[in-house]
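**Student:**
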Amino acid sequence: MLLPRTVHGFGSYAAESRYLELEGLATMTVVVTGNAPEGARQGHDAPVDAVGPPPPGHHRWAPTLGHAKRVFEPSFSGTGLTFASWFFALSLTPSLLPRSGYVQGIASGVTVMVGYGLGASLQWVWDYLEIPKPTGRVRTVIVRILVALGLWAAVFGGWRLVGWQNEIRGVYGMEPVSPTVWPVIIVVTFIVANLVLVVARSVRLLFQTVIRFLGRLLPRRLAVVLGTSVLLLVMWLLWSGVLVNGFFAATNALFAPRDTTLTLGVAQPAAPERSGSPQSLTKWEQLGRQGRSFVASGPTVADLDAANGGGAKEPIRVYVGLASADTVQRRADLLLQELKRTGAFNRKILVVATTTGTGFLDMNGVDPIEYIWNGDTAIAGVQYSYLPSWISLLADQDAVRETSRTVFDTVHGYWSTLPAASRPRLYLYGLSLGSLGVESILSSMNVINEPIDGALMVGPTFVNELHSRLIAQREPGTAPWLPVYEKGRTVRFTAEQDGFAQTPGPWGPTRIVYLQHASDPVVFFSPSLAFSRPDWILDGQRGPDVSERMGWFPVVTMWQVLLDLPGAGSIPMGYGHLYSATANLTSWVQVSNPPGWSAARTAHLAKILEARPYRN
1 MLLPRTVHGF GSYAAESRYL ELEGLATMTV VVTGNAPEGA RQGHDAPVDA
51 VGPPPPGHHR WAPTLGHAKR VFEPSFSGTG LTFASWFFAL SLTPSLLPRS
101 GYVQGIASGV TVMVGYGLGA SLQWVWDYLE IPKPTGRVRT VIVRILVALG
151 LWAAVFGGWR LVGWQNEIRG VYGMEPVSPT VWPVIIVVTF IVANLVLVVA
201 RSVRLLFQTV IRFLGRLLPR RLAVVLGTSV LLLVMWLLWS GVLVNGFFAA
251 TNALFAPRDT TLTLGVAQPA APERSGSPQS LTKWEQLGRQ GRSFVASGPT
301 VADLDAANGG GAKEPIRVYV GLASADTVQR RADLLLQELK RTGAFNRKIL
351 VVATTTGTGF LDMNGVDPIE YIWNGDTAIA GVQYSYLPSW ISLLADQDAV
401 RETSRTVFDT VHGYWSTLPA ASRPRLYLYG LSLGSLGVES ILSSMNVINE
451 PIDGALMVGP TFVNELHSRL IAQREPGTAP WLPVYEKGRT VRFTAEQDGF
501 AQTPGPWGPT RIVYLQHASD PVVFFSPSLA FSRPDWILDG QRGPDVSERM
551 GWFPVVTMWQ VLLDLPGAGS IPMGYGHLYS ATANLTSWVQ VSNPPGWSAA
601 RTAHLAKILE ARPYRN
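In full-length UniProt numbering, the protein residues as written are 1 to 616.
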């Protein structure tokens, strides 16, 4: 990192400023009283003892401002570097998903700086408490031992990396990683670590400069408290307001053009049962990229007849894009008009589907219900964003909640006025961020007053409050990735491996199913991973698709699983955040309970569904 010119080890802080300089991660400057003069840091090479006591009558604290060159100064804490090497080894341990060289480099770069900041902080605390430091031969032996341990950890971790990653890849049926990935990891780690260091030092310099400026006008301690408080407040306001809004404006502008592109092989539908058709109230060009793919795809009548022996209907697919209307309520009203136009309320099954961030509706999630009911279905969705789900998930969850509630209230309000004997069964569906929208609907008073028939939530996110409560209150002895809640009367959990066998009891009038993978970081990431070991990593609790070698370490594990999020949909089907057609089919059978159904029918349709090429 910036090729060290100076390395501070045990006892080498004598010439350093009495300001806390937590290299790497510190964001706050702390003034410490002592024998060193307040301005000693201005001259790097001036020994502390060479400066005499302040002249009589000198009371004003007037230190000089910080120097920008210190941001790039090649000077490091020896203890920090030792901790950094240990944390580098920890960053190489397995996580939920296999990592590419670039992702591993990012994970290692940030983790290295976490370790460096911790080590530098401990060294500063040691100096601040004036604990006697080892000297002479004892100090030399200690330093050599620490350096040797750090080098051993880094080398051993690097040696085991390929084996650890290939173990996970073997479970997923992926090609083994090559040792040639190492140059990529090393280069990316170096770049990321230095970027983090420069940012941290820049923040430190900002705090020092403001506090030193205030110190010319105010007493020292008041300057520290006031300067630190004001800067923290300004940074928080910038982050929560200007920066966040700017980020979403920029990312929306970045992803919006992609929404206008056409997917290869997607053509405007001619059937009146589809939105975007010539008879539709929604324009084909305004449906968005994912909306156009949804209404133009799915099983045809011929496909359904071949699978079920005849008698199929053309499945109804209704969709409203973000550009179709200028408000959420108008988009919901337009959706209801489309449902009425297509005769959706005359079908046996009506599914209100909450999309993911980009407006995506997974073919593995929606096609099975049409096969099960031989096309006597209607599926409706509304787009609410241009952003990928993992971005919206981390910072903007209000859009999905508002849209899902508004759309449901509008559709449910009309549906509830129809005769109960002739109206369609009403179901909810949501994948990923869409499941968050489904949960927000389930808490609605409208559902309580006029219950729906069921819901399927696939890959529920870690911010789903209902999902988290159900797992926390699961029956003793059941795993968090496949829990049992109140004997499964209303809510049941399943995975790629059929999990319904563990809840053979009777269903209640409403059937709710969560489909999740133990290896899905979208489901099992949590900020609490930074400081507490999760149940799903304990022996006897982890799922079959989680590496036995995956352990937990404070902060490191949280960062690793966080980095798993963007790549959760880029691995083989049936793992991570990719849910197979068979798993969705089995779940829909349980949720919709078709009469006269058999395991043979499930196996027959699963074979047909798995033979289709997957498109997302």
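Every residue, glycine too, gets a C-beta built ideally from N, C-alpha and C.
(1) Go ahead and pull the three-state DSSP assignment for R425.
(2) When you compare the region 567-574 with the region 532-544, are there three or more beta-carbon pairs, one atom per stretch, that lie closer than 8 Å?
(3) Could you check the C-alpha separation between L605 and K487 for me, to the nearest Å?
(4) Could you check how far apart the C-beta atoms of V382 and R331 are, in whole angstroms? I think they sit under 8 Å.
(5) Which value, in whole angstroms, describes the spacing of the CA atoms of P54 and F156?
(6) Here's the rule: buried if 16 or more other CB atoms are within 10 angstroms of the residue's CB, otherwise exposed. What is P94?
(7) With DSSP collapsed to three states, give me the class of G430.
(8) Can you tell me whether E548 is buried or exposed? The criterion is at least 16 other CB atoms within 10 Å of its CB, across all chains shown.
(9) Which two residues bound the contiguous beta strand (DSSP E) that contains A378?
(10) Quick one: residues in its chain with C-beta nearer than 7 Å to the C-beta of S440, no 5 flanking neighbours on either side, listed in chain order?
(11) Between which two residues does the beta strand (DSSP E) holding L334 run?
(12) Mapping the DSSP letters down to three states, classify T354 as helix, strand or coil.
(13) Taking the alpha carbon of Y427 as the reference point, which residue from S519, L122, N593 has its own alpha carbon closest?
(14) Buried or exposed, going by whether 16 or more other CB atoms sit within 10 Å of the CB of Y429?
(15) What's the call for F531, buried or exposed, on a 16-neighbour Cβ count within 10 Å?
(16) So, is P613 buried or exposed, given that buried needs 16 or more other C-beta atoms within 10 angstroms?
(17) If you follow the alpha helix (DSSP H) that M457 is in, where does it begin and where does it stop?
(18) May I have the straight-line CA-CA distance separating Q268 from S526, to the nearest angstrom?
(19) Does the region 306-314 come close enough to the region 335-343 that 3 or more CB-CB pairs lie under 8 Å?
(20) Could you pull the start and end residues of the alpha helix (DSSP H) that L605 belongs to?
(21) Is there a Cβ from chain B that is less than 8 Å from the Cβ of G459?
(22) Can you grab the Cα-Cα spacing for the pair N582 / I106, in whole Å?
(23) Leaving out five residues before and five after V266 in sequence, what residues of the same chain have Cβ atoms less than 8 Å from its Cβ?
(24) Would a C-beta distance cut-off of 8 Å place Y384 and L322 closer than the cut-off?
(25) Within the continuous alpha helix (DSSP H) that includes S172, where are the two ends?
(26) Under 8 Å: do the region 508-515 and the region 448-467 share three or more Cβ pairs, one atom per stretch?
(27) Per DSSP, which residues does F493 bridge with? Please list them.
(28) Helix, strand or coil for F76? Go by DSSP, reduced to three states.
(29) Can you tell me whether DSSP reads L129 as helix, strand or coil?
(30) How far does the beta strand (DSSP E) with Y319 in it extend, from its first residue to its last?
(31) In this structure, what does DSSP give as the bridge partners for L482?
(32) Suppose you measure from the CA of L529 to the CA of T602; what does that come to, to the nearest Å?
(33) What's the C-alpha gap between V103 and L562?
(34) Whole angstroms are fine: how far does the CA of L81 sit from the CA of F578?
(35) With DSSP as the reference, label R347 as helix, strand or coil.
(36) Going by CA-CA distance only, name the one from L206, A250, T251 that's closest to P229.
**Tutor:** Looking at the atomic coordinates:
(1) strand
(2) no
(3) 29 Å
(4) 5 Å
(5) Bear in mind that a pLDDT of 48 at P54, under 50, signals an unreliable position, so the number given afterwards is only what the model happens to contain. So the alpha carbons of these two residues sit roughly 53 Å apart.
(6) buried
(7) strand
(8) exposed
(9) 377-382
(10) R401, S404, R405
(11) Per DSSP, L334 belongs to no beta strand (DSSP E); it is in the alpha helix (DSSP H), 328-342.
(12) strand
(13) N593
(14) buried
(15) exposed
(16) exposed
(17) M457 -> not in any alpha helix (DSSP H); beta strand (DSSP E) instead, spanning 454-458.
(18) 41 Å
(19) no
(20) 599-610
(21) This model lacks chain B altogether, as it is built from one protein chain only.
(22) Note that residue 582 is Thr in the sequence shown here, rather than Asn. The alpha-carbon atoms of T582 and I106 are separated by roughly 35 Å.
(23) R292, S293, A296, S297
(24) yes
(25) Per the sequence shown, the amino acid found at residue 172 is Tyr instead of Ser. Element bounds for Y172: 136-172.
(26) yes
(27) Y514
(28) strand
(29) coil
(30) 316-320
(31) A479
(32) 38 Å
(33) 11 Å
(34) Per the sequence shown, residue 578 should be read as Leu rather than Phe. Using only the alpha carbons, I get a separation of about 39 Å.
(35) coil
(36) Correcting the residue type first, residue 229 is Ser in the shown sequence and not Pro. Ranking the options by Cα distance to S229, first place goes to L206.
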